[in-house]
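Read through the structure below, which is laid out as structure tokens, and then see the notes.
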Amino acid sequence: MESVGTINPSTLSVKDLLWQIMWNKDKCTLCGQCTAVCPVRAIELGVHRKRTLQVPVGLEEKPSNLFSVYFGINQRTDVAHACVGCGMCNLVCPNGAIMPLRSDEIDKFRFHANQGGEPRRRGGRRNAPDSVLDKIKFVRISMLTDPALDAGRHEFELRTLLGRILPPEEMLKVSKENGWMPPIREIYPLIIGSMSFGALSPNMWEGLQMGVAYLNEELGMPVRICTGEGGCPSRLLKSRFLKYVILQIASGYFGWDEIIHNLPYMKEDPCAIEIKYGQGAKPGDGGLLMWYKVNKLIAAIRGVPQGVSLPSPPTHQTKYSIEEAVAKMIQSMYMAWGFRVPVYPKISATSTTLAVLNNLTRNHYAAGLAIDGEDGGTGAAYNVSMNHMGHPIASNLRDAYLNLVKLGKQNEIPLFAGGGIGKNGNLAANAAALIMLGASGVQTGKYIMQAAAGCLGSEADRCNVCNIGVCPKGITSQDSRLDRRLDPEKVAQRIVDVYLNFDTELKKIFAPLGRSTSLPIGMSDALGIDDAAAAERLNIKYVL
Amino acid sequence: MCRLFSITSNDPLSPMVAIRAIDVMKEGHDGSGVGLFLTDLGGEFENFKEQPILSGIFSNEGLKTLDRFMIDQDFMVKYKLSIKPAKTPPAGTPKRDNYVIRVYEYPAEWEGLSKEEINLRLMMIQLKLRSMGEQDESMLIFSFWPDVIMMKEVGDPLSVAQYLGLDREELKVRVILGQGRQNTNYAINIYACHPFFIQGTASATNGENTAFVPIREFLCSRNFPGYTGYNSDSEVFTHILHYMQNQLGMGMEMYKHIITPLKDTELDRHPDGMWLRKLKQSCRPLIIDGPNCVIGCLPDKSIFMVQDSKKLRPGVVGGKPGMFAFSSEMCGLDATIPDRYSNFDYQPMKYETVLVSRERQEIKKWNQLEPLTHPH
Chain A
45 MESVGTINPS TLSVKDLLWQ IMWNKDKCTL CGQCTAVCPV RAIELGVHRK RTLQVPVGLE
105 EKPSNLFSVY FGINQRTDVA HACVGCGMCN LVCPNGAIMP LRSDEIDKFR FHANQGGEPR
165 RRGGRRNAPD SVLDKIKFVR ISMLTDPALD AGRHEFELRT LLGRILPPEE MLKVSKENGW
225 MPPIREIYPL IIGSMSFGAL SPNMWEGLQM GVAYLNEELG MPVRICTGEG GCPSRLLKSR
285 FLKYVILQIA SGYFGWDEII HNLPYMKEDP CAIEIKYGQG AKPGDGGLLM WYKVNKLIAA
345 IRGVPQGVSL PSPPTHQTKY SIEEAVAKMI QSMYMAWGFR VPVYPKISAT STTLAVLNNL
405 TRNHYAAGLA IDGEDGGTGA AYNVSMNHMG HPIASNLRDA YLNLVKLGKQ NEIPLFAGGG
465 IGKNGNLAAN AAALIMLGAS GVQTGKYIMQ AAAGCLGSEA DRCNVCNIGV CPKGITSQDS
525 RLDRRLDPEK VAQRIVDVYL NFDTELKKIF APLGRSTSLP IGMSDALGID DAAAAERLNI
585 KYVL
Chain B
12 MCRLFSITSN DPLSPMVAIR AIDVMKEGHD GSGVGLFLTD LGGEFENFKE QPILSGIFSN
72 EGLKTLDRFM IDQDFMVKYK LSIKPAKTPP AGTPKRDNYV IRVYEYPAEW EGLSKEEINL
132 RLMMIQLKLR SMGEQDESML IFSFWPDVIM MKEVGDPLSV AQYLGLDREE LKVRVILGQG
192 RQNTNYAINI YACHPFFIQG TASATNGENT AFVPIREFLC SRNFPGYTGY NSDSEVFTHI
252 LHYMQNQLGM GMEMYKHIIT PLKDTELDRH PDGMWLRKLK QSCRPLIIDG PNCVIGCLPD
312 KSIFMVQDSK KLRPGVVGGK PGMFAFSSEM CGLDATIPDR YSNFDYQPMK YETVLVSRER
372 QEIKKWNQLE PLTHPH
């Protein structure tokens with residue numbers, strides 16, 4: 045080692061990093077748990093040499109140096125090993141001697157996280173904590189002229205519809221002629237959004253499925269979960285629990301060999317088929333499962349070789365236009381299940397959403413439209429896509445709903461909104477706001493990971509290493525040494541907690557508005573916001 | 012909370028019967044307005060059963076506009092009831108130039124038109140007049156329909172009725188729908204006064220309609236020109252009823268299934284559950300959430316009462332063969348038909364529809380949990 049270190053352009057100090065490890069020598073027991081648990085090996089055993097100057101009183105003894113060595117933590121500062129702020133070191137430390145702290149200024153790390161010309165990729169979602177949904181208040185409180193309802197005692201019907209709903213006139217006609225009616229599912233308005241088997245660890249997936257099954261079978265809540273693009277284990281495809289699952293097909297068609305081969309053995313139809321054309325976290329970009337996570341199991345389910353990155357194309361390669369995508373793909377997916385399963389597309393929120401929606405209105409099969417806003421999460425994407433691409437969900441959803449109102453089809457094509465719902469913990473309030481803006485239901489992924497599995501990610505760029513399979517909680521890893529940190533039973537239990545809590549909070553919002561017998565879809569007169577521009581844009585009340 | 016009252020009688024009655032009943036229930040309304048829907052007319056109007064009657068309030072200027080417009084449309088006045096109010100209106104009631112009730116002769120060129128076409132044209136004329144007078148409030152139109160008179164005014168119901176002299180001999184009717192208003196709008200808009208009317212169907216409601224906005228959006232997007240107005244959140248009850256009858260071709264027994272459909276668990280047990288579930292899904296935006304008691308009158312002159320699915324408002328029906336009344340409160344019923352057998356009084360609950368048809372012999376009741384009489 046040279047006596048004077050070489051300084052390269054990308055040589056960073058601890059101060060340059062976003063996350064800086066604070067370590068307390070006095071408290072540290074040198075147990076080594078923090079260095080062992082760190083997902084990115086940002087800390088290592090540090091052997092520190094220390095000089096103490098000894099200056100005795102008097103002239104007899106001359107001042108001297110006392111050299112000693114002490115052991116502790118060394119924070120690595122190279123780009124590949126920069127601390128991600130997950131805080132696992134703090135979690136495992138028996139004495140609380142260590143903790144990552146966020147830099148007090150914009151870090152220098154971001155300018156160098158592109159070594160070899162490779163842009164930064166990460167998991168998580170847009171690193172911006174602001175949320176229009178959080179600012180929306182429910183202002184139409186029933187007072188005296190109509191009594192507020194009792195959230196605890198009244199009967200509530202918190203159900204929504206997924207499927208193409210015929211207008212009353214047509215429903216009567218079809219009914220009279222004994223014609224085909226599109227399948228409609230009556231489901232709970234909070235859907236666990238698409239997180240693939242592969243993006244999630246087997247334990248996480250199992251926990252989610254168990255939780256959903258319990259909610260349905262023991263608590264009578266028709267909760268549905270979407271698979272994401274990664275297929276579905278054969279055992280689930282053949283089970284009666286398939287009816288709680290929305291199978292997703294996306295541009296990589298991963299897992300669909302397995303699904304098609306299992307078709308003859310299915311005891312139940314899936315709840316629905318979601319055709320993914322886009323997702324909010326990385327709009328206009330395909331799915332991405334990085335090679336770290338493609339192990340034997342994932343490779344088998346997806347029908348691909350092990351250890352290769354799986355980037356899905358940005359579009360369905362066989363579809364060159366909206367007519368193709370909407371008409372042919374939706375119809376062929378219907379055909380696969382004998383026209384008994386609703387099929388709907390999911391797109392990322394975009395200023396062109398209405399073009400897609402208008403096409404759907406003319407397709408008699410389209411069972412809905414899921415719109416995923418810019419705050420949607422992902423297991424892996426380019427940082428630039430996550431931070432800068434996409435459209436906020438609130439105004440996009442509102443435009444879509446009001447467009448349907450104009451066409452008189454607001455009840456025919458249910459809209460499902462996703463992307464940042466509950467990003468700051470306000471899941472029920474955000475969901476209720478979107479429902480009153482016109483959504484038939486909402487999809488959420490990251491909130492579920494945070495609440496049900498203890499995901500550490502945040503909009504302050506914390507952790508976000510879902511993409512490289514080192515999730516310190518075992519949620520998004522495919523390494524069994526990490527997965528086993530997550531107990532599927534406990535995840536299932538937390539899913540139930542989350543839904544029961546959501547259900548009560550939703551009632552606490554709807555009851556004072558005087559609503560209990562049907563979901564207040566489009567009840568925009570109940571909404572207010574203290575931002576005049578937002579109020580005008582969303583066509584709701586401006587309140588101060 | 013507003014108070015509702017309706018009465019149907021074999022013998023024509025003065026509208027004052029309803030006004031007095033509303034007055035008895037005065038504790039429940041603040042006298043901020045009154046509305047009357049009169050049909051199955053007797054008295055002088057007995058002779059004009061087929062001809063459309065225009066009801067409204069006109070300024071002197073508005074009356075001239077009306078005359079010009081109607082002459083252009085080739086409508087001739089056949090009979091008019093002159094209402095000459097006293098010089099000073101009661102407290103809270105504005106001074107109006109003209110209260111108009113006029114029977115018109117159909118234009119010659121309308122002869123041979125289908126019933127639907129005539130009904131549409133009558134409604135369009137009413138809407139046109141309303142929009143013409145909207146700007147300067149020179150014309151307030153309540154109805155333009157055969158065998159129907161409507162009156163609405165701001166003020167205490169009894170004082171207004173006396174002021175307008177509604178106890179006159181020429182004005183005798185068999186069916187009355189009335190509402191005494193507890194105003195919940197800060198500015199009193201007369202178009203927000205119940206009952207509401209569209210093509211022969213009328214209804215009045217009390218309570219707030221918390222699901223108003225989505226219902227209004229749904230109705231407005233049906234491409235039917237009559238689904239407009241909505242100065243009151245209760246107007247949608249009339250329009251839902253109209254939509255159900257005229258656009259969907261359904262009878263009164265389906266009204267509750269549309270505005271307050273059975274819960275999913277109840278549908279599972281219902282013999283027509285599968286079909287009703289489809290109906291509930293298709294008509295989802297029309298589901299009301301109460302608290303509301305709705306009374307109304309159908310084009311066949313039956314009157315009915317339904318409650319919201321939580322049954323949060325009072326309502327009672329009672330009477331004797333030949334005369335039945337629907338009232339928000341028992342005291343209104345007692346004051347009007349004291350000699351009835353009150354054990355037969357009936358308070359419809361959350362699943363029920365009660366109806367008295369034009370024959371006025373009995374109270375018909377339907378329960379939503381029962382099988383449909385005409386399976387679709």
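Chains A and B, in that order, give the protein sequences.
Residues 45 to 588 (our numbering) are what the first sequence spells out, left to right.
Residues 12 to 387 (our numbering) are what the second sequence spells out, left to right.
No residue lacks a Cβ here, since even glycine has one placed at the ideal position from N, Cα and C.
- Closest in alpha carbon position to B/THR221, among A/ILE573, A/LEU582, A/LYS585, A/PHE554, is A/PHE554.
- A/ILE87 and A/ILE117 have their C-alpha atoms some 6 Å from each other.
- With fewer than 16 neighbouring CB atoms inside 10 Å of its own CB, B/PHE355 falls in the exposed class.
- Within the stretch 557–569 of chain A, LEU557, GLY558, ARG559, SER560, THR561, SER562, PRO564, ILE565, GLY566, MET567, SER568, ASP569 place their CB atoms closer than 8 Å to a CB of chain B, listed in sequence order.
- In the DSSP annotation of this structure, the continuous segment of the alpha helix (DSSP H) that includes A/ILE303 starts and ends at 300–306.
- When 8 Å is used as the limit between beta carbons, A/PRO386 is near no residue of chain B, the shortest such separation being about 12 Å.
- When the beta-carbon positions are compared, A/GLY421 and A/ILE236 stay at least 8 Å from each other.
- 8 Å or more divides the Cβ of A/LEU202 from the Cβ of A/ASP569.
- For A/VAL542, the enclosing alpha helix (DSSP H) covers residues 532–554.
- With a contact defined as Cβ atoms closer than 8 Å, A/LEU404 and A/ASP443 miss out at about 14 Å.
- DSSP places A/SER54 in the coil class of the three-state scheme, outside both helix and strand.
- Contact with chain A is absent for B/GLU340, since none of that chain's Cβ atoms lies less than 8 Å from the residue's Cβ.
- Residues of chain A whose Cβ lies closer than 7 Å to the Cβ of B/PHE56 do not exist; the shortest such Cβ separation is about 36 Å.
- In this chain, the beta strand (DSSP E) harbouring B/LEU47 covers 45–52.
- Here A/PRO358 carries a coil assignment [DSSP, helix/strand/coil].
- Assigned with DSSP and collapsed to three states, B/CYS304 falls in strand.
- If you draw a straight line from the Cα of A/SER219 to the Cα of A/ASN407, it comes to about 20 Å.
- Close to A/LYS450, with beta-carbon spacing below 9 Å, are these residues of chain B in chain order: SER232.
- Close to B/CYS204, with beta-carbon spacing below 8 Å, lies no residue of chain A; the smallest spacing is near 16 Å.
- In the assembly as shown, A/PHE155 is an exposed residue. Its beta-carbon has fewer than 16 other beta-carbons within 10 Å.
- Scanning the stretch 434–491 of chain A for uninterrupted beta strand (DSSP E) segments of 3 residues or longer gives 459–462, 485–488, listed from N- to C-terminal end.
- DSSP places A/ARG346 outside any beta strand (DSSP E); the residue lies instead in the alpha helix (DSSP H), whose first and last residues are 340–346.
- A Cβ-Cβ separation of about 6 Å places A/THR73 in contact with A/ASN139 under the 8 Å criterion.
- Residues of the stretch 157–186 of chain B that bring their beta carbon within less than 7 Å of a beta carbon in chain A are absent altogether.
- Contact with chain A is found for B/LYS274, since one of that chain's Cβ atoms lies less than 8 Å from the residue's Cβ.
- Relative to the Cα of A/ILE185, the nearest Cα in the group A/GLY558, A/LEU588, A/ASN583 belongs to A/GLY558.
- With its beta carbon at least 8 Å from every one in chain A, B/SER245 lies outside the interface.
- Here A/GLY412 is near A/LEU459, since their CB atoms are less than 8 Å apart.
- Contacts between B/GLU228 and chain A, judged by CB atoms closer than 8 Å, involve VAL449, GLN454, GLY566 in chain order.
- If you ignore the 5 residues before and after A/ALA343, its C-beta comes within less than 7 Å of the C-beta of PRO349, GLN350, all in its own chain and listed in chain order.
- Under the Cβ criterion of 8 Å, B/ILE94 is not counted among the residues facing chain A.
- Partner residues in the beta bridge of A/GLN98, as assigned by DSSP, are A/SER108.
- Shown here, A/GLN323 sits in coil according to DSSP, grouped into three states, outside any helix or strand.
- The beta carbons of B/VAL45 and B/ILE187 sit no closer together than 8 Å.
- Taking a contact as a CB-CB distance under 8 Å, the pair A/SER484 and A/THR204 counts as one, their CB atoms being some 5 Å apart.
- For the pair B/ALA336 and B/GLY326, the CB atoms are not nearer than the 8 Å cut-off.
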